[in-house]
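J.: If you read the sequence shown in our numbering, its first letter stands for residue 707, the second for the next number, and so on. From the three backbone atoms N, C-alpha and C, an ideal C-beta is built for every residue, glycine too. This is the structure, below, for whatever I ask next.
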Amino acid sequence: MSTEAPGKSKVVNLRRPDIMDLVKAQVLSHYRSELVERLRGAGQVVTPDGQTTIKLAKEFGFCYGVERCIDLAYAARKVFPDQPLYILGEIIHNPEVNDQIRAMGVRFLSGPHKQADIDDLGRGDVVIIPAFGTEVSIRRKLEEKGCQFVDTTCGDVMSVWKRVRQYARDSVTSIIHGKAYHEETMATSSQATANAGHYLVVLTLADTDYVCRYIVEGGDKHEFLAKFKGGYSEGFDPDTHLQVVGVANQTTMMRGETEEVQRRVRAAIEKRFGATDLQQHFRFFDTICGATQDRQDALQRLLREPLDLLLVIGGYNSSNTAHLAEMGEAMLPTYFIKNAAEMVSGQLIRHWNQHQQCAVESQNWLPTGKLTVGVTAGASCPNNLIEDCIRRLIGLRGVAVDDLLQN
Ligand code: SF4
707 MSTEAPGKSK
717 VVNLRRPDIM
727 DLVKAQVLSH
737 YRSELVERLR
747 GAGQVVTPDG
757 QTTIKLAKEF
767 GFCYGVERCI
777 DLAYAARKVF
787 PDQPLYILGE
797 IIHNPEVNDQ
807 IRAMGVRFLS
817 GPHKQADIDD
827 LGRGDVVIIP
837 AFGTEVSIRR
847 KLEEKGCQFV
857 DTTCGDVMSV
867 WKRVRQYARD
877 SVTSIIHGKA
887 YHEETMATSS
897 QATANAGHYL
907 VVLTLADTDY
917 VCRYIVEGGD
927 KHEFLAKFKG
937 GYSEGFDPDT
947 HLQVVGVANQ
957 TTMMRGETEE
967 VQRRVRAAIE
977 KRFGATDLQQ
987 HFRFFDTICG
997 ATQDRQDALQ
1007 RLLREPLDLL
1017 LVIGGYNSSN
1027 TAHLAEMGEA
1037 MLPTYFIKNA
1047 AEMVSGQLIR
1057 HWNQHQQCAV
1067 ESQNWLPTGK
1077 LTVGVTAGAS
1087 CPNNLIEDCI
1097 RRLIGLRGVA
1107 VDDLLQN
């Protein structure tokens, strides 16, 4: 069997034309929405009674990386129809898509729906690596067992890995702007340690300022290590490993915030070592992916238009979706929902509060009278779910969807 990517182990080529034709048809049947495609073209829709306007961001929903990984997972099922098929964890951060993957008989190796353990796998077993990639140690373990891979890691994630590997080889500590326990950041940080390097994960600008102060003035090492517990490499010593640093980021962070992290770390290094030696002590590379950037830019433009409220649709553990919600929250009432059922009634909506990390309920969320609602969705949200939400919203406003389609 041919390979799709370099590596020691066998990587299965699934992109045969006969397979991909079948996959395309199945993926469309699961996730396509004619309504959403029509709205995407038009940009907005007004109900026949003129009371409700729905405006869509220009870019939303599935990104190229997610489309590719879903195609490959579906193709794997077709190439290995009778063989057990495993996946390391959620393929992307969308519960409905993961349900579909499970419904195809793919067994999860982690998470709340875990059905098998990596230790149980053996030679020839087929394992899907999700779009976020996986940690080097897990990959090596599977390689040693002789497993076959269906590697759906997004190319944009792999380009971050390339940077972090280079930092490690050059004895540069990677400061990674991201969430320490996000699959992608865990995979990225493992690239540093696999190459004898060190890393430190910072999530917020407050974290960054703390690190910057330490770079400039030093501080209490034990406090530092306690504060960032779980977010640095084994043996990391802030007194030693913050002298030559390179900034990288999880691909789905807020662009402006990542740039600010870079600026602050650069300024701290310059203050400590001087402008002349800056290049010996500091590197950075912007690794926000194009799809995340496009969705944030499109929402920024949408938010300049008059809107009464914003719906952000996507999985609650989706980082890029959370950032879209964060952008909305700063401007207007924003509801981050995973599906249409969260709009319980015109009075009650359940939605994700990312600051409290839990679902909350809001009353009287849907005003009566003339209303303009902005809609966007994260890179892991399929169009059929977006359609369900639009239908539900229109229904709660007392308009039949058939009327909308004729409009
Ligand atoms: S959000 Fe970006 S990094 Fe993640 S799968 Fe999509 S394109 Fe790739």
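1. Would you grab the beta carbon distance between S895 and I882 for me? Rounded to a whole angstrom, and I think it's under 8 Å.
2. Determine the closest residue to S1086 out of A748, E765, V751, with distance taken between C-alpha atoms.
3. Where do the N-terminal and C-terminal ends of the beta strand (DSSP E) with S1025 fall, by residue?
4. Apply the 10 Å Cβ neighbour rule to Y905 and answer buried if 16 or more other Cβ atoms are within range, or exposed otherwise.
5. According to DSSP, is P712 part of a helix, a strand, or is it coil?
6. Pop quiz: T998 and T958 are said to be a contact at Cβ under 8 Å. What is the actual Cβ separation, rounded to whole angstroms?
7. Measure the Cβ-Cβ separation of A974 and I921 and say whether it is below 9 Å.
8. Taking the continuous beta strand (DSSP E) assigned at D857, which residues delimit it?
9. For the candidate residues G1034, R813, E773, V752, whose alpha-carbon lies nearest to that of R783?
10. Expressed to the nearest angstrom, what Euclidean distance is found between the alpha-carbon atoms of N800 and S816?
11. For N1089, which three-state DSSP category applies?
12. For the candidate residues D915, E1067, Q1063, F786, whose alpha-carbon lies nearest to that of E963?
13. If you drop the 5 nearest sequence neighbours on each side, which residues of the same chain put their C-beta closer than 6 Å to that of R871?
14. For the pair the segment 1031-1050 and the segment 717-730, tell me if three or more CB-CB distances fall below 8 Å.
15. Pick helix, strand or coil for D1057, following the three-state DSSP scheme.
16. Can you list, in chain order, the residues of its chain whose CB lies under 6 Å from that of G713, leaving out five sequence neighbours each side?
17. For a minimum of 4 consecutive residues, which ranges assigned as the alpha helix (DSSP H) are wholly contained in the segment 777-827?
18. If you follow the beta strand (DSSP E) that C995 is in, where does it begin and where does it stop?
19. How big is the Cα-Cα spacing for D777 and Q968?
20. Any residues whose CB sits closer than 6 Å to a heavy atom of the ligand SF4? List them in chain order?
21. If the criterion is Cβ atoms closer than 9 Å, does the pair T879 and K885 meet it?
22. Looking at I797 and A822, is the spacing between their C-beta atoms short of 9 Å?
23. Return the first residue and the last residue of the beta strand (DSSP E) that C1064 is part of.
24. Would I1055 pass as a contact of L1072 if the rule is Cβ separation under 9 Å?
T.: Once the coordinates are examined:
1. Between I882 and S895 the Cβ distance is about 6 Å, and since that is below 8 Å, they are a contact.
2. E765
3. Bounds of any beta strand (DSSP E) do not take in S1025; it lies within the alpha helix (DSSP H) bounded by 1025-1035.
4. By the 10 Å Cβ count, Y905 comes out buried.
5. Because the pLDDT of P712 is 38, which lies under 50, any placement of that residue in the model is unreliable, and the question is left without a value.
6. Contact holds; Cβ gap of about 5 Å.
7. yes
8. 854-857
9. R813
10. 15 Å
11. helix
12. D915
13. Q897, N901
14. Contact between the segment 1031-1050 and the segment 717-730 is absent, because fewer than three Cβ pairs lie under 8 Å.
15. Correcting the residue identity first, residue 1057 is His in this sequence and not Asp. In the structure shown, H1057 sits in a strand (DSSP, three-state: E or B).
16. Reliability fails at G713, whose pLDDT of 42 lies under 50, so the model's placement of it is uncertain and the value that follows must be treated cautiously. So no residue of the chain qualifies.
17. Assignment of alpha helix (DSSP H) within the segment 777-827, counting only whole runs of 4 or more residues, yields 801-809 in chain order.
18. For C995, there is no enclosing beta strand (DSSP E), as DSSP marks it with neither H nor E.
19. Cα-Cα distance, rounded: 35 Å.
20. C769, Y770, G771, V772, A837, C860, D862, V863, T957, T958, C995, A997, T998, N1026, A1085
21. no
22. no
23. 1064-1069 is the span of the beta strand (DSSP E), which, as asked, contains C1064.
24. yes
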